[in-house]
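**Student:** My questions all concern the structure below.
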DNA sequence: CCAAGCTGAGATAACGTTATCTCGAAAGGT
DNA sequence: ACCTTTCGAGATAACGTTATCTCAGCTTGG
């Protein structure tokens with residue numbers, strides 16, 4: 001910049017004015033500075049700019065896996081772009097250590113705010129950051145033990161809706177195959193399922209299977225649910241990946257068992273019959289997250305909000321299969 | 001930092017030394033500084049650090065869609081992490097204007113290097129950045145018209161392999177359904193297919209369909225390929241999304257037509273028969289990209305390299321269906 | 001004709017780091 | 001006892017911006 005000023009024969013400050021389109025610079029000087037910039041190939045340095053300004057115009061997104069389907073992240077990017085904020089994202093790989101590493105990096109880079117899909121139960125490392133003024137919003141899962149803005153799906157009512165839907169279609173023995181209950185959403189959904197069974201006066205028996213998503217385990221779970229004298233006539237799956245795995249295990253039996261999957265996905269309409277799902281409102285989650293983050297950045301004293309976004313049952317056929325006796 | 005120095009009763013430089021674990025600080029002072037840091041809640045500011053240091057230890061990744069399956073991006077993150085570099089990613093949404101916006105933002109932020117999935121044919125905006133010392137590596141597609149490092153899959157031999165495989169299984173009338181040929185990879189694959197047909201002395205006729213991925217178009221393409229007096233007995237699809245769409249359109253006929261898809265995907269083994277695919281070596285692409293980027297950052301004068309990574313035929317059943325006459 | 005206001009542009013001081021240089025004191029060798 | 005080395009720690013000057021203050025040169029109104 002100092003070179004540009006010398007080349008154009010103006011003061012440093014004037015170059016800055018031209019770069020920032022300040023109107024108080026005469027047209028002749030603007031031209032001189034412009035050509036000097038072109039001649040010298042000057043590129044402004046945002047690091048210095050952000051340092052001086054205090055803000056970076058950047059939001060961080062720390063998500064499980066960048067390279068996985070994540071409609072919430074897409075909505076977050078869109079909403080941020082509409083607000084003229086840049087989103088820079090990194091993966092946490094569902095690893096607590098890596099999450100901490102990523103979030104702390106973003107803090108040290110003084111991102112204006114962070115959208116986080118939190119992992120695990122211990123987020124103590126966030127306390128000093130929050131005290132130092134970090135604006136943070138958790139999506140999909142809450143930050144346990146800390147009073148932090150968050151946007152969640154209504155997992156429980158999703159499960160209840162699915163359960164009621166199956167009951168209404170005549171099912172009585174409904175199984176649930178879910179993810180590891182150490183994960184918040186998996187825990188919520190499994191608990192909701194237990195309550196549904198209890199409310200209908202049923203016994204769980206072999207009707208609930210949770211744990212890591214792994215082919216062998218899913219195979220056993222499906223087999224257990226469908227075996228015995230009182231086999232399940234319907235299955236609810238805990239997330240999109242599990243729907244796929246369960247379908248894989250069901251094979252050609254898929255048409256005889258009613259199935260409702262948690263999470264909509266592209267392949268829901270690939271199968272016969274098409275998959276009935278509990279769909280999350282990912283656009284609402286993403287845009288709400290950005291809206292809340294912006295509010296907190298604008299005024300760090302804003303009251304903490306915990307928003308629950310409704311889910312929707314999408315009827316496509318697999319959930320309307322009648323019970324086979 | 002200056003407050004920490006005052007609190008601890010030491011010089012500014014000494015705080016810096018403690019933060020950077022410089023060994024030339026006495027244990028007593030280290031302790032004093034540590035407690036001062038804790039008391040004041042001091043958080044180091046990477047913006048200033050990077051400004052002073054010159055480098056940022058950060059790579060940018062500008063990809064089509066963060067929130068889509070992208071195994072190359074995952075490999076890029078892994079490889080960068082192994083080299084102690086942080087990757088921050090943003091979506092270009094397959095939009096040239098947005099790509100430019102994203103890349104220029106990363107340049108102004110002085111990222112040490114950028115991994116780019118380039119869009120379109122005009123990357124003139126990159127010229128001044130490259131002259132100013134930007135380290136860039138293109139993945140999946142080349143930067144047309146510019147001499148820039150890139151890592152590509154061997155699209156042509158992938159198509160050739162698929163074609164030969166089908167011929168070897170007795171197929172004679174093989175159709176290709178591909179993506180919009182304005183996209184580099186789609187163009188390469190379609191051209192390779194045309195050459196395969198020519199080399200086998202066949203006529204294209206209704207055997208090649210390219211264009212945007214859209215259900216109606218795919219339906220027409222599938223119908224056209226399978227209609228007439230000499231219908232196709234085998235189909236090659238141009239990418240994973242097209243494999244899904246084509247399968248959706250084939251419906252229950254899927255078992256009668258041989259099918260080889262470009263790109264492996266999770267659902268390849270969900271179907272009956274499992275999908276035979278041309279798989280890209282995404283791990284190799286990602287780690288090679290990082291390796292090349294690191295080499296260029298270390299020495300900007302490194303000769304430009306264009307690497308082509310082999311693809312692999314994975315036989316699963318759908319590509320071995322014999323022709324139906 | 002002069003004080004007051006406006007306008008365009010320069011000088012200077014931050015923003016929060018780290019590299020370089022300097023210096024005093026302690027330690028070691030002849 | 002004196003010179004040299006080593007070591008710990010401070011002062012100062014960058015890195016590349018922008019905000020604030022200043023000032024010269026015009027208008028403009030009474």
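Protein chains in written order, with full-length UniProt numbering: chain S, 1 to 325; chain F, 1 to 325. Cβ coordinates follow ideal geometry from the N, Cα and C atoms, glycine included.
1. Hey, does residue 217 of chain S have any beta-carbon neighbour from chain F nearer than 8 angstroms?
2. Helix or strand or just coil, what does DSSP make of residue 86 of chain F?
3. According to DSSP, is residue 134 of chain F helix, strand or coil?
4. Provide the residue span of the alpha helix (DSSP H) that contains residue 35 of chain S, from first to last.
5. Just the C-alpha distance for residue 290 of chain S and residue 79 of chain S, rounded to the nearest angstrom, thanks.
6. What ranges does the beta strand (DSSP E) occupy inside the stretch 56–125 of chain S, keeping only unbroken runs of at least 3 residues that lie completely in it?
7. If residue 175 of chain S sits next to residue 225 of chain S, beta carbons under 8 angstroms apart, how far is it from one beta carbon to the other, in whole angstroms?
8. Is the stretch 300–314 of chain F touching the stretch 266–282 of chain F, taking contact as three or more C-beta pairs under 8 angstroms?
9. What residues in its chain sit with their C-beta under 6 angstroms from that of residue 261 of chain S, if we drop five residues either side in the sequence?
10. Between residue 327 of chain F and the rest of its own chain, which residues show a CB-CB distance below 7 angstroms, the 5 nearest in sequence each way excluded?
11. In angstroms, rounded to a whole number, what distance separates the CA positions of residue 109 of chain S and residue 190 of chain S?
12. Contact between the stretch 10–18 of chain F and the stretch 33–46 of chain F is defined here as three or more beta-carbon pairs at a separation below 8 angstroms; is this criterion met?
13. When the distance is taken between beta carbons, is residue 247 of chain S closer than 8 angstroms to residue 271 of chain S?
14. Counting only beta-carbon separations shorter than 8 angstroms, does residue 287 of chain F have a partner in chain S?
15. Tell me which same chain residues have a C-beta within less than 8 angstroms of the C-beta of residue 180 of chain F, skipping the five on either side of it?
16. Hey, is residue 331 of chain F's beta-carbon within less than 8 angstroms of any beta-carbon in chain S?
17. Comparing the C-beta of residue 71 of chain S with each C-beta of chain F, is any distance below 8 angstroms?
18. Count the other CB atoms, across all protein chains shown, that sit within 10 Å of the CB of residue 252 of chain S; report buried if there are 16 or more and exposed otherwise.
19. Any idea what DSSP makes of residue 10 of chain S, helix, strand or coil?
20. Between S:104, S:198, S:141, which has its C-alpha nearest residue 90 of chain S's C-alpha?
21. List, from N- to C-terminal side, the beta strand (DSSP E) runs of 3 residues or more that fit wholly inside the stretch 153–227 of chain S.
22. Take the Cβ of residue 11 of chain F as the centre, count every other Cβ of all protein chains shown within 10 Å, and call the residue buried at 16 or more, exposed below.
23. Could you compute how far the alpha carbon of residue 257 of chain S sits from the alpha carbon of residue 196 of chain S?
24. Which value, in whole angstroms, describes the spacing of the CA atoms of residue 326 of chain S and residue 273 of chain F?
25. Compare the beta carbon distance of residue 123 of chain S and residue 47 of chain F with 8 angstroms and say whether it is the shorter of the two.
26. Starting from residue 280 of chain S, follow its DSSP beta bridges and name the residues at the other end.
27. Using a Cβ-Cβ distance cut-off of 8 angstroms, determine whether residue 91 of chain S contacts chain F.
28. Closer than 8 angstroms by C-beta to residue 57 of chain F: which residues in its own chain qualify, once you throw out the five before and the five after it? Chain order, please.
29. Is the beta carbon of residue 60 of chain F less than 8 angstroms from the beta carbon of residue 114 of chain F?
30. Can you give me the Cβ contacts of residue 107 of chain S inside the same chain, cut-off strictly under 7 angstroms, excluding the 5 residues immediately before and after it?
31. Name the chain F residues whose beta carbon is nearer than 9 angstroms to that of residue 45 of chain S?
32. For residue 286 of chain S and residue 215 of chain F, what's the separation of their Cα atoms in angstroms?
33. Mind checking which residues open and close the alpha helix (DSSP H) that includes residue 240 of chain S?
34. Taking its Cβ as the centre, do 16 or more other Cβ atoms sit within 10 Å of residue 263 of chain S, making it buried, or is it exposed?
35. Determine the DSSP secondary structure at residue 261 of chain F, reduced to helix, strand or coil.
36. Within a Cβ cutoff of 6 angstroms, which residues of the same chain sit near residue 8 of chain F, ignoring the five residues on either side of it in sequence?
**Tutor:** In short, the structure shows the following:
1. no
2. strand
3. coil
4. 27–40
5. 6 angstroms
6. 58–63, 86–91, 113–116
7. 4 angstroms
8. yes
9. 237, 243, 275, 277
10. Here chain F covers residues 1 to 325 and nothing more, so residue 327 of chain F does not appear.
11. 39 angstroms
12. yes
13. yes
14. no
15. 186, 210, 211, 212, 213
16. What the structure shows of chain F is the stretch from 1 to 325, and residue 331 of chain F is not part of that stretch, so it cannot be assessed.
17. yes
18. exposed
19. coil
20. S:104
21. 174–178, 208–210
22. exposed
23. 19 angstroms
24. Outside the shown range of chain S, which is 1 to 325, sits residue 326 of chain S, and nothing can be said about it.
25. no
26. S:311
27. yes
28. 50, 84, 85, 86, 112
29. yes
30. 129, 134
31. 51, 108, 109, 110
32. 27 angstroms
33. 240–250
34. buried
35. strand
36. 32, 33, 36
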